[in-house]
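I have placed the structure first, in the form of structure tokens, so that the comments after it can refer back to it.
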Amino acid sequence: MTKLSGDGGIDVRGTLVVGDVVRIKMAVQVKKWKLKNNILAPVVQQVRGSLGAHEQGLIITTSDFSPGAVKEAAQPDKTPIALMNGEQLVMLLMEHDIGVLRSTPDLFELDEDTLATRVRE
């Protein structure tokens, strides 16, 4: 995550390679917000407005998205913006054993040191 820098909120730009066949230019914004402090539609609009040519957008939050943000992200006449909420993020981290420590087969604990190291890489 980065400090406000006039980049339209984009934290990461890169290329997603799928099966060594498809390449998708991505722009990702990450929001570390408290639970119940949901992302609103203007954030989705801001990310969409910051996209480059042929770029797809993704917003990841530790919180969730308002119904208006979800609706805005899926507008049929606009570039769609993918959304990942906190629950989806945790499930993805658990699925790939990234930044989590297994205490028992069914209990995970976030390993903040590992996550912080991976973010800096």
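Counting from 1 along the sequence shown, just add 939 to a position and that's the residue number in my numbering.
Glycine is no exception: its CB is placed at the ideal position from the N, C-alpha and C atoms.
Name the one or two DSSP bridge partners that residue i has.
i	result
residue 1012	None, per the DSSP bridge assignment.
residue 951	967
residue 1030	DSSP lists no partner for residue 1030.
residue 996	966 and 1020
Around the C-beta of residue i, are 16 or more other C-beta atoms found within 10 angstroms, so that it is buried, or is it exposed?
i	result
residue 968	buried
residue 1040	exposed
residue 940	At residue 940, the pLDDT of 42 sits below 50, so the modelled position is not reliable and the matter cannot be decided from this model.
With a threshold of 6 angstroms on Cβ separation, who are the neighbours of residue i within its own chain once the five nearest residues in sequence on each side are excluded?
i	result
residue 955	963 and 965
residue 953	965
Give the C-beta separation of residue i and residue j to the nearest angstrom, bearing in mind that I take them to be a contact with Cβ-Cβ under 8 angstroms.
i	j	result
residue 1023	residue 997	7 angstroms
residue 1038	residue 1001	Contact doesn't hold; Cβ gap of about 13 angstroms is too wide.
In chain order, what residues of the same chain have a beta carbon less than 8 angstroms from the beta carbon of residue i, not counting five sequence neighbours either side?
i	result
residue 993	964
Requested in this report: Indicate whether the contact test is met: 3 or more Cβ pairs, each with one atom in the region 946-962 and one in the region 979-996, closer than 8 angstroms.
Outcome: By the criterion of at least three beta-carbon pairs nearer than 8 angstroms, the region 946-962 is in contact with the region 979-996.
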